[in-house]
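Take a look at the structure below.
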Ligand code: IVH
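Residue numbers (the numbering used here): 58 to 715.
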């Protein structure tokens, strides 16, 4: 009977190899099941003949009492991390100090959990987790259920290999779909689900989870006459292990960066999750020369992809009041790391944004960093709902002063002029870096000084020095820090006009518009005295901005504020370079085409802009002048067609004054 059992075991192991490693099935699922059933029946009849690593273990059912400890003969080290191109270059340079012309193998970094597999004479004996790197846990019963872990190698070697256990995306999604149907809570991600499956005492659970492995490391390669990691990968493949097909041997730093950037772009196309790329020096003798630090090999490192999106729980939606009085919903999040910082708050923009996306308190949400700075809630992960989530309702009162909000377009405003929140935000804005740049006035100090009554309006900044001795008594302040604050307040009096314009908080006047206004009008009186028509005539000042400026200066309180600031010594003039406007260029849009003999394109662009002109890349009816050098292209033809003024190089020289 032993012979028949051995025969079936060989057939099943061969079938697994053909299916999982070669991706070339040789028997049907029904045939496979039939052999399996026959083997199960034989093992029941002759239990003494049952092997520990029998293919029947694949179906699971072994229940252990506890995880036994396994001491790794060679420690299972983890890898150092690098996060950007210059870190990768620095790693390569460190390697180059010891090695001439290094070659590397670059491999996808599988997002799973590492495993060590041990075979004696080609027979699978034991699997262990990494644990603390020295002592791991025996997970043989669960790893036996992983179908692409060979139970018998194709050579009778005694060997330890290491790799990653993971769950592919499809399996993860279908497990979660089933859990949802059955009303169970959903799993967070494939990695945790794989790890949870491996930490089960009953192997039936792991067997039902369709776990897989990629094998990527042969700790004792030299003992097998192998001197290159790329050869070790080939050898492990020949033995019957699944080795990732996207591992690549590259020559030097260029090949390295290219392969990494390819997978940074294309990682989503893989059926499993990867969280980076592993870089390994290919030559194993040289690996030994480089050696290890206490924790990591010096011959390898892991490049971690920047996370652009993370999932976390939205714990609460809080309303805040901005300096314009606008009340906005904000997400208070369970803190998560994203692109190097910990995020616990994100913007939800406005009522409409939250309602159309149906974002609810209690949702698992994805957070992205918009424009790299302000994190925002992108969407709710509806599949992860438990039913406990609370739908969003916009508040109708100010969260600070309780007054009723007014709806204007899509936004809600607190119009109470005495609302503390609004006033504090205005003061914070006034002192902020892009505005008056009063060093030392962070959000907290402004709020504290406001609450103590020292700071109620912009003017109060400049009166603070009167209270110097009182302020010095405050906890956390000394002579030095108060002097520093007062100095920076005094310095701010000399700011160029655009800072003040931005600091005032005129609606729609951001720092770019403030600069345009300051340059154009040179001092604040000119702006205050400008009509709507004069403002709108300025390039880049649209109707909304112009209206808002006129409105601001028609308010008596604002006029009074400006005159008090002036009186106290705040500069109201533009200090920057004054534009030399030239009628031939100012306000006109130019397009350049063909080759010019006397000007480089970029230089000419700078010259035109310095004269108040604007350079655009394509010809349209808004183009004023096309400057055509020799061999002009289709832009010239278009200009002729549209009847646009064309200057040749001589025209240009004369317009520029020779
Ligand atoms: S090599 C001494 N290669 O990443 C070599 N590790 O952050 C040790 N990992 O602990 C590991 N894919 O769990 C290696 N292709 C790959 C990998 C990989 C995923 C994991 C592994 C390791 C961790 C280090």
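Beta carbons: idealized from backbone N, C-alpha and C, even for Gly. All values derive from a computational prediction rather than experimental measurement.
Q) The beta strand (DSSP E) spanning residue 356 covers which residue range? A) Careful: residue 356 lies outside any beta strand (DSSP E) and carries neither H nor E.
Q.
Between which residues of its own chain and residue 664 is the CB-CB distance below 8 Å, once the five residues before and five after are set aside?
A. Excluding sequence neighbours, residue 664 sits near 656, 713.
Q: Can you grab the Cα-Cα spacing for the pair residue 588 / residue 574, in whole Å?
A: Spanning the two alpha carbons is a distance of roughly 13 Å.
Q) With respect to the beta strand (DSSP E) encompassing residue 181, which residues constitute its N-terminal and C-terminal limits? A) In the DSSP assignment, residue 181 falls within the unbroken beta strand (DSSP E) covering 180-186.
Q.
Between residue 283 and residue 161, how many whole angstroms is the CB-CB distance? I'm expecting something under 8 Å.
A. The Cβ separation is near 17 Å, so there is no contact.
Q) Which residues are close to the ligand IVH, meaning CB closer than 6 Å to any heavy atom, in chain order? A) Qualifying residues come out as 134, 135, 136, 164, 166, 167, 171, 221, 273, 274, 335, 354, 357, 359.
Q. If you drop the 5 nearest sequence neighbours on each side, which residues of the same chain put their C-beta closer than 8 Å to that of residue 553?
A. For residue 553, the CB contacts under 8 Å within the same chain, skipping 5 residues up- and downstream, are 575, 628, 630, 631, 632, 633 in chain order.
Q) By the 10 Å Cβ neighbour count, where 16 or more other Cβ atoms means buried, how is residue 210 classified, buried or exposed? A) Classification for residue 210: buried.
Q.
Using a Cβ-Cβ cutoff of less than 6 Å, which residues in the same chain neighbour residue 324 once the five nearest sequence positions on both sides are dropped?
A. The answer, listed in chain order, is 331.
(Q) Assuming residue 372 and residue 391 are in contact, meaning their beta carbons sit under 8 Å apart, how far apart are those beta carbons, in whole angstroms? (A) Here residue 372 really is in contact with residue 391; their C-beta atoms are around 6 Å apart, less than 8 Å.
Q. Which class does residue 61 belong to by DSSP, given the choice of helix, strand or coil?
A. In this structure, residue 61 counts as helix in the three-state DSSP scheme.
Q. Taking the continuous beta strand (DSSP E) assigned at residue 401, which residues delimit it?
A. Residues 398-404.
Q) Are residue 139 and residue 173 closer than 9 Å when you measure CB to CB? A) With a cutoff of 9 Å on beta-carbon distance, residue 139 and residue 173 are scored as not near each other.
(Q) Any contact between the segment 616-623 and the segment 565-574? By contact I mean 3 or more CB pairs, one from each, below 8 Å. (A) Taking 8 Å as the limit for Cβ pairs, the verdict is that the segment 565-574 does not touch the segment 616-623.
**Q.** Beta-carbon gap between residue 518 and residue 549 smaller than 9 Å
**A.** For residue 518 and residue 549, yes; Cβs fall inside 9 Å.
Q. DSSP beta-bridge partners for residue 367?
A. DSSP, once it has assigned bridges, lists 424 as partnering residue 367.
Q) Mind checking whether residue 386 and residue 400 have CB atoms under 9 Å apart? A) It is not a contact, given that the beta carbons lie outside the stated cut-off.
Q: Return helix, strand or coil for residue 70, following the three-state DSSP convention.
A: For residue 70, the secondary structure class from DSSP, reduced to helix, strand or coil, is helix.
Q | Test item: CB-CB of residue 176 and residue 232 under 9 Å | A | Using a Cβ distance threshold of 9 Å, residue 176 and residue 232 do not count as a contacting pair.
Q) From what residue to what residue does the beta strand (DSSP E) around residue 220 run? A) Its beta strand (DSSP E) spans residues 216-223.
Q: Note the first and the last residue of the continuous alpha helix (DSSP H) segment covering residue 698.
A: That run of the alpha helix (DSSP H) goes 691-699.
**Q.** Buried versus exposed, by CB contacts within 10 Å (16 or more), residue 509
**A.** Looking at its Cβ environment, which holds fewer than 16 other Cβ atoms inside 10 Å, residue 509 is exposed.
(Q) Just to confirm, is the Cβ distance from residue 498 to residue 542 under 9 Å? (A) Yes, the Cβ-Cβ distance between residue 498 and residue 542 is below 9 Å.
Q) residue 704 bridges to which residues according to DSSP? A) In the DSSP output, where bridge partners are listed per residue, residue 704 has 684.
Q) Which class does residue 429 belong to by DSSP, given the choice of helix, strand or coil? A) Bear in mind that a pLDDT of 43 at residue 429, under 50, signals an unreliable position, so the number given afterwards is only what the model happens to contain. Residue state, collapsed to three classes: coil.
**Q.** Residues of its chain near residue 429, where Cβ-Cβ distance is below 7 Å and the 5 sequence neighbours each way are ignored
**A.** Low local confidence applies: a pLDDT of 43 at residue 429 is under 50, so the model's placement there is unreliable, and no value is given.
Q. Taking the beta strand (DSSP E) that residue 618 falls in, what are its first and last residues?
A. Note, residue 618: premise wrong, no beta strand (DSSP E); alpha helix (DSSP H) at 613-624.
Q.
Less than 9 Å between the C-beta atoms of residue 405 and residue 433, yes or no?
A. Contact annotation: residue 405 and residue 433 have beta-carbon atoms nearer than 9 Å.
Q: Give the range of the alpha helix (DSSP H) segment to which residue 659 is assigned.
A: Residues 658-667.
Q: Kindly provide the ranges of any alpha helix (DSSP H) runs that are 4 or more residues long and lie completely inside the segment 126-169, ordered along the chain.
A: Listed in chain order, the complete alpha helix (DSSP H) runs (minimum 4 residues) inside the segment 126-169 are 142-155.
Q: Taking 9 Å as the cut-off, decide whether the C-beta atoms of residue 270 and residue 247 are in contact.
A: With respect to the 9 Å criterion, residue 270 and residue 247 are not classified as neighbours on the basis of their beta carbons.
Q. Who are the near neighbours of residue 488 in its chain, counting only those whose CB is closer than 6 Å to its CB and skipping five residues on each side?
A. Close CB contacts of residue 488 within its chain, under the 6 Å cut and outside five residues either way in sequence, are with 495, 498 (chain order).
Q) Going along the chain, which residues of its own chain have a beta-carbon closer than 7 Å to the beta-carbon of residue 169, five neighbours each way excluded? A) Excluding residues within five positions, the ones whose Cβ falls inside 7 Å are 221, 222, 223, 248, 251.
Q: Could you pull out every unbroken beta strand (DSSP E) segment of at least 3 residues lying fully inside the segment 477-565, listed in chain order?
A: If only uninterrupted beta strand (DSSP E) runs of at least 3 residues are considered, none is enclosed by the segment 477-565.
Q: Could you please give me the residues that DSSP links to residue 173 through a beta bridge?
A: When DSSP reads this structure, residue 173 sits in a beta bridge with 185, 219.
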